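Residue numbers (the working numbering): 6 to 216.
The structure appears below as structure tokens.
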């Protein structure tokens, strides 16, 4: 499975929506994009510590052309008290290699997961920056309850709809696991969407795992 300009072969195309005002929630964001018939889902990313919006979200479409049109037409539109900006949620690995400036290269640069990525680097002893290295396709998932098994973790990440899951490993007694995707872009989007997701009453922590 490949991610090409926001496309995944599950039949959905994800776009990133930034500069959201604090009052915008999932329903508001969906209503804004529901004028496009193939719009299927909208999610605002929230900060678990503060309970406030992180100021961005993701909108999914079943039709690639409508997703492209939405990016063009909705960028600069007012939603709540701010003008929003739209772009593809992920870029191809080739595009990521070509970009020396990592601004918007992967979704993580727009969010608050850079510290988690740095911690992952320290844990692995790697000097590489996984956010910009297409060889990294594995998501580390921490703060798991001991009752969460491989099948349950797979189900939660499968429901994100960001791409093909190639492998799931769980260390139940240690409370962590790993999800391996087929591409770097899919893993980056999964980290952004799943970080802070509550599983059995505990917010999980997602960052980059080993290559």
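Ideal Cβ placement from N, Cα and C applies to all residues, glycine included.
Bear in mind the structure is a predicted one, so any value in this text is a computation, not a measurement.
>> Here's a check: name, in chain order, each residue in its chain whose Cβ is nearer than 7 Å to the Cβ of residue 165, leaving out the five neighbours to either side.
In response: In the chain shown, the residue the question calls residue 165 occupies position 160. Here the set comprises 195, 198 and 199.
>> Comparing C-alpha positions only, which one of 188, 169, 178 and 153 sits nearest to residue 208?
In response: Position 203 of the chain shown holds residue 208. Of 188, 169, 178 and 153, the residue nearest in Cα terms is 153.
> What distance in whole Å lies between the Cβ atoms of residue 20 and residue 49, which are believed to be in contact at a cut-off of 8 Å?
Replying inline: Here residue 49 is taken as the residue at index 44 of the chain shown, counted from 1. Here residue 20 is taken as the residue at index 15 of the chain shown, counted from 1. The Cβ separation is near 13 Å, so there is no contact.
> Given residue 177, which residues of its chain have a CB within under 8 Å of its CB, disregarding the five upstream and five downstream residues?
Replying inline: For this step, residue 177 is matched to residue 172 along the chain shown. Within the same chain, residue 177 has close Cβ partners 149, 151, 152, 153 and 154.
> Going by DSSP, what residues sit across from residue 55 in a beta bridge?
Replying inline: Here the question's residue 55 lines up with position 50 in the chain shown. The partner list for residue 55 (beta bridge, DSSP) is empty, contrary to what the question assumes.
> Relative to the alpha-carbon of residue 146, which residue among 162, 139, 135 and 45 has its alpha-carbon at the smallest distance?
Replying inline: On the chain shown, residue 146 is found 141 positions in, with the first residue counted as 1. The option with the nearest alpha carbon to residue 146 is 162.
> Who are residue 87's beta bridge partners in DSSP?
Replying inline: Counting from one through the chain shown, the residue named residue 87 turns up at place 82. Beta-bridge pairing links residue 87 to 84.
> Under 9 Å between the Cβ atoms of residue 85 and residue 28?
Replying inline: Locating residue 85 in the chain shown gives position 80, counting from the first residue. Locating residue 28 in the chain shown gives position 23, counting from the first residue. In this structure, residue 28 lies closer than 9 Å to residue 85 by Cβ.
> Under three-state DSSP, which class holds residue 76?
Replying inline: For this step, residue 76 is matched to residue 71 along the chain shown. Here residue 76 sits in helix by DSSP.
> Roughly how many whole angstroms lie between the Cα atoms of residue 61 and residue 74?
Replying inline: Start at 1 with the first residue of the chain shown, and residue 61 comes out as number 56. Start at 1 with the first residue of the chain shown, and residue 74 comes out as number 69. Approximately 19 Å, taken between the alpha carbons.
> Hey, quick one: how far does the alpha helix (DSSP H) through residue 33 stretch, first residue to last?
Replying inline: Sequence index remark: in the chain shown, residue 33 carries index 28 (1-based). 31-38 is the span of the alpha helix (DSSP H), which, as asked, contains residue 33.
>> Pull the bridge partners of residue 212 from the DSSP assignment, please.
In response: The count along the chain shown starts at 1 and reaches residue 212 at position 207. Note: residue 212 sits in a beta bridge opposite 145.
> Per DSSP, what kind of secondary structure is residue 41 in: helix, strand or coil?
Replying inline: Here residue 41 is taken as the residue at index 36 of the chain shown, counted from 1. Looking at residue 41 - three-state DSSP - the assignment turns out to be coil, as it is neither helix nor strand.
>> Quick check on residue 177: does DSSP put it in helix, strand or coil?
In response: Within the chain shown, numbered from 1, the residue matching residue 177 stands at position 172. If DSSP states are grouped into helix, strand and coil, residue 177 belongs with coil.
> Should residue 168 and residue 191 be called a contact, given that it needs their Cβ atoms to be closer than 9 Å?
Replying inline: Here residue 168 is taken as the residue at index 163 of the chain shown, counted from 1. Here residue 191 is taken as the residue at index 186 of the chain shown, counted from 1. Yes.
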